[in-house]
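As numbered in the UniProt record's numbering, residues 1 to 127 make up the sequence shown, in order. Worksheet for the structure shown next.
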Amino acid sequence: FPSFMESANLFIVPHLSRIFPLLCAYLQSVNDDVSIGAANAMRVAVERAWPRVGAQCATTWPELKRAYAEADARSAKKCDELRRALERVSEGLQLAAGEQFSSIWSTDTSVPEHARDLVLFLSERQA
Numbered sequence: 001f002p003s004f005m006e007s008a009n010l011f012i013v014p015h016l017s018r019i020f021p022l023l024c025a026y027l028q029s030v031n032d033d034v035s036i037g038a039a040n041a042m043r044v045a046v047e048r049a050w051p052r053v054g055a056q057c058a059t060t061w062p063e064l065k066r067a068y069a070e071a072d073a074r075s076a077k078k079c080d081e082l083r084r085a086l087e088r089v090s091e092g093l094q095l096a097a098g099e100q101f102s103s104i105w106s107t108d109t110s111v112p113e114h115a116r117d118l119v120l121f122l123s124e125r126q127a
């Protein structure tokens with residue numbers, strides 16, 4: 001799916017409101033490879049449609065932090081792989097949406113303990 005999205009390039013822009021919820025759902029898959037693939041596809045969508053992804057920040061952030069926190073339930077290798085992929089998505093959202101995304105994750109008071117490293121990662125990138 002990520003390679004298809006790379007090929008589609010800007011044709012995904014009109015479909016972001018349907019693509020992002022689908023990818024967020026797949027982030028929670030019990031299959032490690034599906035979750036990692038969804039994160040990689042989301043990164044591609046952010047890169048290809050960066051001017052418009054700001055509208056997806058409020059609904060995407062809770063799913064990113066949940067997937068990051070729940071990555072501990074996966075094997076050690078897949079946990080690290082998923083977390084790196086989620087960091088790349090978050091970093092892309094930060095670059096694309098700027099203050100719009102920052103204001104969401106930086107004021108979130110319900111970040112699970114296992115997702116605090118994601119907030120720290122974003123804080124370091126913002127500084």
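Quick reminder that beta carbons are idealized off the backbone N, C-alpha and C, glycines included. Keep in mind the model is a prediction, meaning the values are calculated, not measured.
Under the three-state reduction of DSSP output, A45 falls in the helix class. The alpha-carbon separation between V44 and V34 amounts to approximately 15 Å. For P112, the secondary structure class from DSSP, reduced to helix, strand or coil, is coil.
Segment contact: the stretch 50–58 against the stretch 75–87, fewer than three CB-CB distances shorter than 8 Å; contact not assigned.
According to the DSSP assignment, S29 belongs to no alpha helix (DSSP H), since it is labelled neither H nor E. In the pairwise beta carbon analysis, the stretch 93–113 is classified as touching the stretch 46–55: at least three pairs are separated by under 8 Å. Across the structure, S29 and H114 are spaced so that their CA atoms are roughly 18 Å apart. Judged by their CB atoms, S106 and L122 are nearer to each other than the 9 Å cut-off. One thing to note: A71 has its Cβ no nearer than 9 Å to the Cβ of P112.
Counted as a single uninterrupted DSSP element, the stretch harbouring Q56 is not any alpha helix (DSSP H), since DSSP gives it neither H nor E. Between the alpha carbons of A76 and N31 lies a gap of roughly 14 Å. The beta carbon of I104 lies closer than 7 Å to those of C57, A58 and W61 in the same chain, with the five residues before and after it left out.
In the structure shown, R66 falls within a helical segment according to DSSP collapsed to helix, strand and coil.
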